[in-house]
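Q:
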């Protein structure tokens, strides 16, 4: 490998993240008691599955320059409806299908506001963030539905061959690969970057911007609904307040993963590394008995660093280049 | 038909087919399976000494919550007495699932005793079960999980204990006879209604024959509403001797009204309240005495129960006995429940020793 190629690889954000992730894992393994064990890997992966799932469609949305902040509320509403449908006596298989469908519909509502009425997605999804959570409480109140079949709830945290890798994490790889291929290996995926860089230019070059965004929001809703099913079974509890505030963790992971909040830049691999990095840092600090409030400060600090560092590096590089050519 | 329409149609048919398959048969409510109970196993050795150096972790509903800070403080004091090492961990927000990753962490740290108060009885069950399989003893306090998910639950008070205590307090304050009213929370609050029913039963005893409950008012656990209801009670029943408000919001609002009214010192008020809310009214003579369980004792007892479990002195089965330091002997009841005992009474003499 030539020096230039080496430099190109080392300055890519997702490569940097993978190195940082490896460094965190090795350091925590050496310094923190109980981090380097199969059981802990299982706990860590179980904690990040829902975040990873929701981050997949959100990555694509943010690359087009939009955002979906209603994901956790969609999850909560889907969980509440799942509880009510189960109480109503429907079969759990049917409930799962209906709940994922409901997620898609909730996503479509966002999509209509964003694409048909051309409203900013930030405003729309802040609105539905509140509205969907409110609806969840209308549906289920402050009750919990908890009598889901034991075989289903244990399946949500069971592991492959009774080892340390949860089935849920393996299953998450399927949509991860699908979203990865769509984003990085199809014309549709390319067009998302084009929209994020310049929506107008993308539209003039024949890309159907509104239609693409519409389906991305629908996908985000459906995946959030699926995450709602998973969350409900994992905690054996359908509740209206399930995953409240999770949108912040998901957005943090996406941005830490190197997706530009202004659109047009980012990779799915980077986002998955971001999800794991945030999960590993939290897990290690918790094992080291760091208080919850400090933990939130660290997570916030990481997020700010992830936005500041690439920008600062880019700025420094252009200055250096300019000085050389001058 | 365009390519696009065809794709949509095929998609719709696929979804319909899926729905139909899912609708026929499948897992429904009632056909589901349930977990096998893993209640106390093994045998207890009542003479076993408390093991020194136990790792005891308190996992409250939420850290930085004054009630749990006091309760956990009691746990810390107990842990120091039996020479264990104490720590408090927990989420900064009291959500259903946030405790799970903390339980997993504690189980990963090979903690001997986990003392927790459940935000959601079901959400933490799985994590507690796996922590117990990893060797931890689990004690719940204040809010229980499902009985099969923990070893012992330390309950703050029984409904009978609260009713008896409230009747004794008001009886002493009105001189054993007269009309009283109850200021409750909401008409359908399960706890409140159970206590009120038991208070009526208690009043049927011959020693309380002179006391009559004239009405039950509902302040909805809302400060303003409780304040107005108190005002209404005093106006409607001029010969009222006392008010019992077994809810912290109600008793504080009633005290606030009484303290500035002409009835101050003439109409007795008692109930369940926190010392910090009631301090000024006890000091200015509006309220003679009120009650609540002492959270510090609750944490203290929970820590001792955990130590007794981890030392093999008890297993959580009904009838077993253990010693809890300054609180004395306790016996485990049905379903592994230990009751702290009668509520603590707060008055001029002791209120300054409490801060919660």
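Residue numbers (our numbering), protein chains in the order written: chain A, 978 to 1303; chain B, 1025 to 1380.
Even glycine gets a Cβ: it sits at the ideal position worked out from N, Cα and C.
Since the model is a prediction, treat every value here as computed from it, not as a measurement.
1) If the cut is a Cβ gap below 7 Å, which residues of chain B does residue 1016 of chain A touch?
2) Suppose contacts are defined by Cβ-Cβ distances below 8 Å. Is residue 1165 of chain B in contact with residue 1326 of chain B by that definition?
3) Mind checking the region 1105-1124 of chain B against chain A and listing, in chain order, the residues whose C-beta falls within less than 8 Å of any C-beta there?
4) Is it buried or exposed for residue 1231 of chain A, if we count other Cβ within 10 angstroms and need 16 for buried?
5) Taking its Cβ as the centre, do 16 or more other Cβ atoms sit within 10 Å of residue 1088 of chain A, making it buried, or is it exposed?
6) Which chain B residues sit within Cβ distance under 7 Å of residue 1185 of chain A?
7) Are there 16 or more other CB atoms within 10 angstroms of the CB of residue 1337 of chain B, so buried, or fewer, so exposed?
8) Who are the Cβ neighbours of residue 1244 of chain B in its own chain at under 7 Å, not counting the five residues just before and after it?
9) Suppose you measure from the CA of residue 1114 of chain A to the CA of residue 1060 of chain A; what does that come to, to the nearest Å?
10) Tell me the DSSP secondary structure of residue 1168 of chain B in three-state form.
11) Would you say residue 1186 of chain B and residue 1237 of chain B are within 8 Å of each other, going by their C-beta atoms?
12) Would you list, in sequence order, the uninterrupted alpha helix (DSSP H) runs of no fewer than 4 residues that lie entirely inside the region 1183-1214 of chain B?
13) Look at the alpha carbon of residue 1375 of chain B and the alpha carbon of residue 1344 of chain B, and state the distance between them as a whole number of angstroms.
14) If you follow the alpha helix (DSSP H) that residue 1141 of chain A is part of, which residue opens it and which one closes it?
15) Residue 1224 of chain A: buried (16+ other C-beta within 10 angstroms of its C-beta) or exposed?
16) Taking residue 1053 of chain B as the query, report the chain A residues whose CB atoms sit under 8 Å from its CB, ordered along the chain.
17) Is residue 1149 of chain B close to chain A? Criterion is C-beta to C-beta, closer than 8 Å.
18) List the residues of chain B whose Cβ lies closer than 8 Å to the Cβ of residue 1263 of chain A, in chain order.
19) In the DSSP output, which residue or residues are listed as bridge partners for residue 1079 of chain B?
20) Quick one, which of A:1057, A:1210, A:1049 has its alpha-carbon nearest residue 1222 of chain A's?
21) For a contact meaning CB atoms closer than 9 Å, what does residue 1087 of chain B contact in chain A?
22) Less than 8 Å separating the beta-carbons of residue 1332 of chain B and residue 1314 of chain B?
23) List the residues of chain B that residue 1257 of chain A touches, going by C-beta distances under 8 Å, in chain order.
24) Check the Cβ of residue 1224 of chain A against every Cβ in chain B and list those closer than 8 Å, keeping chain order.
25) Check whether the Cβ atoms of residue 1077 of chain A and residue 1062 of chain A lie closer than 8 Å to each other.
26) Below 8 Å between beta carbons: does that hold for residue 1254 of chain A and residue 998 of chain A?
27) Leaving aside the five residues before and after residue 1062 of chain B along the sequence, list all residues of the same chain whose C-beta is less than 7 Å from its C-beta, in chain order.
28) Let's see if you can read the secondary structure: which residues bound the beta strand (DSSP E) around residue 1247 of chain B?
29) With respect to the beta strand (DSSP E) encompassing residue 1355 of chain B, which residues constitute its N-terminal and C-terminal limits?
30) I'd like to confirm the pairing. Which residues does DSSP put opposite residue 1242 of chain B in its beta bridges?
31) If I'm right that residue 1319 of chain B touches residue 1091 of chain B with Cβ under 8 Å, what's the distance once you round it to whole angstroms?
32) Assign residue 1285 of chain A to buried or exposed, taking buried as 16 or more other Cβ atoms, counted over all protein chains shown, within 10 Å of its Cβ.
33) For chain A, check one thing: does any of its Cβ atoms lie closer than 8 Å to the Cβ of residue 1062 of chain B?
A: To lay it out plainly:
1) 1132
2) yes
3) 1111, 1113, 1114, 1115, 1116, 1117, 1119, 1120, 1121, 1124
4) buried
5) buried
6) None at all; the shortest Cβ gap to chain B is about 11 Å.
7) buried
8) 1209, 1210
9) 12 Å
10) coil
11) no
12) 1183-1197
13) 34 Å
14) Run containing residue 1141 of chain A: none; DSSP gives neither H nor E here.
15) buried
16) 1063, 1064, 1066, 1124
17) yes
18) 1113, 1125, 1126, 1129
19) B:1109
20) A:1049
21) 1268, 1269, 1270
22) no
23) Simply none; closest approach about 13 Å.
24) The contacting residues do not exist; residue 1224 of chain A stays about 14 Å from chain B at best.
25) no
26) yes
27) Unreliable placement is indicated for residue 1062 of chain B, whose pLDDT of 48 sits below 50; no coordinate value is reported for it.
28) Per DSSP, residue 1247 of chain B belongs to no beta strand (DSSP E); it is in the alpha helix (DSSP H), 1247-1260.
29) 1353-1355
30) B:1208
31) 6 Å
32) exposed
33) For residue 1062 of chain B, the predicted structure reports a pLDDT of 48, less than 50, and the residue's modelled location is therefore unreliable. A value from the coordinates is still provided. For residue 1062 of chain B, the answer is no, since every Cβ of chain A falls outside 8 Å of its Cβ.
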